[in-house]
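These notes concern the structure reproduced below.
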Amino acid sequence: MTQANASPRYSTTALTPIGTLFERLLGTESFAPFASGRPNLPIATWQDENTISIEIDAPGVKSDDVSLLVHNKDLTVSWERRAEKREDGVDTRTYGKFEQQFRLPVTADESKVQATLSNGVLQLTIPKTEQAKPRKIEVKTA
Numbered sequence: 007m008t009q010a011n012a013s014p015r016y017s018t019t020a021l022t023p024i025g026t027l028f029e030r031l032l033g034t035e036s037f038a039p040f041a042s043g044r045p046n047l048p049i050a051t052w053q054d055e056n057t058i059s060i061e062i063d064a065p066g067v068k069s070d071d072v073s074l075l076v077h078n079k080d081l082t083v084s085w086e087r088r089a090e091k092r093e094d095g096v097d098t099r100t101y102g103k104f105e106q107q108f109r110l111p112v113t114a115d116e117s118k119v120q121a122t123l124s125n126g127v128l129q130l131t132i133p134k135t136e137q138a139k140p141r142k143i144e145v146k147t148a
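Be aware that the sequence shown starts at 7, since it is given in my numbering, and climbs by one per residue.
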């Protein structure tokens with residue numbers, strides 16, 4: 007059976023409440039990703055006192071094909087995965103253009119975003135500004 011031009015399969019059902027999830031995880035500031043074009047791929051995000059971390063599943067994507075742009079607290083991640091030409095067989099993997107945008111919180115230091123692609127996972131590390139990090143205040147005796 008030959009399957010040319012197979013449609014990618016996406017399920018957005020599990021991603022519908024993602025904005026609420028990000029707001030719960032990261033506080034009251036909106037950090038919800040929003041899609042542009044196609045539905046989102048699986049994403050994980052978390053933060054600690056110093057950094058915000060994002061992981062996006064990117065199977066079969068090469069680092070040269072990934073584009074990261076950050077401007078005015080908007081982070082855009084995009085790439086294109088091209089299908090290999092085959093004469094016979096079935097291929098149900100996902101191909102095409104992907105773009106995901108994130109509105110970074112004011113605590114993010116957008117000038118220091120770092121990205122690593124390893125084992126099909128794009129890992130983004132966004133340090134927080136020094137002003138956003140907790141600091142201990144010494145209490146003096148009068």
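All residues carry an ideal CB built from backbone N, CA and C; glycine is no exception.
One question on the structure: do residue i and residue j come within less than 8 Å of each other, judged by their Cβ atoms?
| i | j | result |
| --- | --- | --- |
| I132 | V145 | no |
| K68 | E86 | no |
| G126 | D63 | yes |
| K139 | N56 | yes |
Measure the beta-carbon distance from residue i to residue j and round it to whole angstroms, keeping in mind my assumption that it falls under 8 Å.
| i | j | result |
| --- | --- | --- |
| A89 | Y101 | 4 Å |
| I49 | K134 | About 19 Å; that fails the 8 Å criterion. |
| Q107 | L81 | 7 Å |
Going by alpha carbons, who is nearest to residue i out of the options?
| i | options | result |
| --- | --- | --- |
| W52 | V76, L74, N78, P111 | P111 |
| V83 | R92, V72, A148 | V72 |
| S117 | A148, L130, G66 | L130 |
Within the continuous beta strand (DSSP E) that includes residue i, where are the two ends?
| i | result |
| --- | --- |
| V145 | Neither: V145 is in no beta strand (DSSP E) and is coded neither H nor E. |
| F107 | It should be noted that the sequence gives Gln, not Phe, for residue 107. Segment 102 to 109, the beta strand (DSSP E) holding Q107. |
| V72 | First-last for V72: undefined, no H or E at that position. |
| R87 | 80 to 87 |
| V127 | 127 to 133 |
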